[in-house]
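Comments concern the structure below.
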Amino acid sequence: MERKYLALNSALLFWLLSLAAWCFATRQLAWIFAALSLLAFTLPLLINLGNVMFKKNKINEIKVPTALPPAPVMEKEPTATEKHGTTVIATDVRVEGNIVSAGHVYVHGELIGNIASEQSLIKIMRGGRVEGNITCRELIIDGAVIGECHSDAIEICENGEVTGTLSYRALAVKKGGMFSGIAEMLPAAIEKNNVVGLIKDSTTDAPEACELAK
Numbered sequence: 003m004e005r006k007y008l009a010l011n012s013a014l015l016f017w018l019l020s021l022a023a024w025c026f027a028t029r030q031l032a033w034i035f036a037a038l039s040l041l042a043f044t045l046p047l048l049i050n051l052g053n054v055m056f057k058k059n060k061i062n063e064i065k066v067p068t069a070l071p072p073a074p075v076m077e078k079e080p081t082a083t084e085k086h087g088t089t090v091i092a093t094d095v096r097v098e099g100n101i102v103s104a105g106h107v108y109v110h111g112e113l114i115g116n117i118a119s120e121q122s123l124i125k126i127m128r129g130g131r132v133e134g135n136i137t138c139r140e141l142i143i144d145g146a147v148i149g150e151c152h153s154d155a156i157e158i159c160e161n162g163e164v165t166g167t168l169s170y171r172a173l174a175v176k177k178g179g180m181f182s183g184i185a186e187m188l189p190a191a192i193e194k195n196n197v198v199g200l201i202k203d204s205t206t207d208a209p210e211a212c213e214l215a216k
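Position 148 of the sequence shown, counted from 1, bears residue number 150 in the working numbering, the numbering being contiguous throughout.
In C-alpha cells:
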C-alpha cells in the first residue's frame, strides 16, 4: 500500500475510534484519537511540502558555470617607427652634444652638435636652431641650421635659413627660405637586385630625379 493511502486510512481509523469513544462517553480518549487522526492526515502533507522546499534549495545550489575566459588578444607587431620612437627637443631647451637616433627627430629648441638618423626624418621646426652636421633620409628645415646637411631629400621652408653645405638628391626651397653656402647633388641611389651581374640602366632614373628637383 502506498504511503499516502496508508496515512489516509490511518486518519479514518483514528477518526472512527474517536467517534466510538465519544459515543461511549470517554471524551478524553476521543480527543486523543481525534488528535491522532488529525496528525495522520496532516503528516503526509507536511512531508510533501518539505520535499518540495528541499528540491527548490537543491536547484538553487546548482552552480552556474562561469563565463569562458576571453580569447587571447594577438598584439600588433610594432612598426619600425614605434619601436625606435621619436626624439623631440622642446622649445626653450638647449642641448649640447651629438644625437644618434633610429627614429624621427624634431627640433623645437637649440642643439649644438651633430644629428644622425640615416633612415628617418629630421625636422627643424620654426624657432629651432642647429649648429652642427645633419645626416638623414629626409630633412625639413623651417628654422636655422649652420653646418653640413646630408640627406636624400632636403626642403627649406618659408622660415628656413641654412648656412653651410647641402648634399642632396632632391632639393626644394620655398619662397622665403634662405640658403648660403655650397650645394652638392649626390649621385642617384643604386637599387639592389637579386640577379648577379645585372645592373639597372641609369637612364631610367633621370626623369624621377628631375621630378624631385622640381
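Cβ atoms here follow ideal geometry from the backbone N, Cα and C, with glycine treated the same way.
Cβ-Cβ distance between residue i and residue j below 8 Å
i	j	result
Val95	Ile101	no
Gly145	Ile126	yes
Leu113	Gly134	yes
Ile117	Val132	yes
Ala190	Ala172	no
Glu157	Arg139	no
Gly111	Gly130	yes
Thr137	Ile148	no
Expected contact under 8 Å - CB spacing of residue i and residue j to nearest Å
i	j	result
Thr88	Gly105	5 Å
Cys159	Lys176	5 Å
Minimum C-alpha distance to residue i - residue among the options
i	options	result
Arg128	Glu163, Gln121, Gly149 and Gly183	Glu163
Gly179	Val132, Ser119, Glu120 and Ile142	Ile142
Leu15	Trp33, Gln30 and Leu38	Leu38
Thr44	Ser12, Ile136 and Glu186	Ser12
Leu188	Leu21, Ser153, Ser103 and Leu41	Ser153
Val109	Ser103, Ser122 and Thr93	Thr93
Environment of residue i [buried if 16+ CB atoms lie within 10 Å]
i	result
Ala82	Bear in mind that a pLDDT of 46 at Ala82, under 50, signals an unreliable position, so the number given afterwards is only what the model happens to contain. With fewer than 16 other Cβ atoms within 10 Å, it is exposed.
Ser204	Confidence at Ser204 is low in this model, with a pLDDT of 45, below 50, so the placement of that residue should be treated as unreliable; the coordinate-derived value is given next. Counting Cβ neighbours within 10 Å, Ser204 comes out exposed, since fewer than 16 surround it.
Ile192	exposed
Ile184	exposed
Cys25	exposed
Ser182	exposed
Leu18	exposed
Lys216	Here Lys216 scores only 34 on pLDDT, less than 50, and its place in the model is too uncertain to base an answer on.
Glu84	Residue placement at Glu84 is poorly supported in this model, since its pLDDT is 47, which falls under 50; the coordinates are not used for a value here.
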